[in-house]
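Read in order, the letters of the sequence shown are residues 1 to 152 in full-length UniProt numbering.
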Amino acid sequence: MKINSFYPVIMTKKVADCAEFYRQYFGYEVVYESDWYVSLRTGGGQQGSYELALLDAGHPTIPAQYRKRAEGVILNMEVDDVDGEYERLVIGAKLTLEQDIRDEEFGQRHFILSDPGGILIDVIAVIPPSVEESANYSESVWKQEKARGENE
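Right, here's the structure in full:
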């Protein structure tokens, strides 16, 4: 199978509120917008673009037994300066903080927010993992991460 595009579609009861949230705080631009569906895109340039769509959870395009808001979803957003984003989003914009900023042994410094519909957003910077955790990475992935960190 050749995949031409892949992006999450979040079912929510707050399509407009969530769309504005991603536009205002994460730089997404509208690709398509109706009262029941919004397609968003950010990025571009050398790193490519990232897409996200929001769908009214009660829309008839969804099978009836699944017409409810998304649960159990975390959107990971890897950034260069997690402390700067914490300052901007938590201290400055006062967004809903679900987990305060911290370092993880597995190689992340991060904090977790939630959007107006209850989807978690994990804002992450890659940091070196502990010696114990570094053994869990495949050798090729670890070399790529290490090289990326040295180039920044």
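Backbone N, C-alpha and C define an ideal beta-carbon position, used for all residues, glycine too.
Check, Outcome
"Determine the direct distance from the alpha carbon of Val9 to that of Leu54, and round the result to whole angstroms.", "6 Å"
"Name the two residues that bound the continuous alpha helix (DSSP H) containing Gly84.", "Val82 to Tyr86"
"Count the other C-beta atoms from every protein chain shown that fall within 10 angstroms of the C-beta of Ile74, then say buried if there are 16 or more, exposed otherwise.", "exposed"
"On the three-state DSSP scale, how would you describe Ser5?", "coil"
"Just to confirm, is the Cβ distance from Thr12 to Ala64 under 8 Å?", "no"
"Please determine, among Ser5, Tyr37, His59 and Ala70, the residue with the shortest C-alpha to C-alpha distance to Ser114.", "Ala70"
"Using CA atoms only, rank isn't needed, just tell me which of Glu139, Ile112, Glu104 and Ile119 is closest to residue 154.", "In the structure displayed, the chain extends from 1 to 152; residue 154 sits before or after that span and is not available."
"Could you have a look at Asp100 and say whether DSSP puts it in helix, strand or coil?", "strand"
"From which residue to which residue does the beta strand (DSSP E) around Asp122 run?", "Leu120 to Val126"
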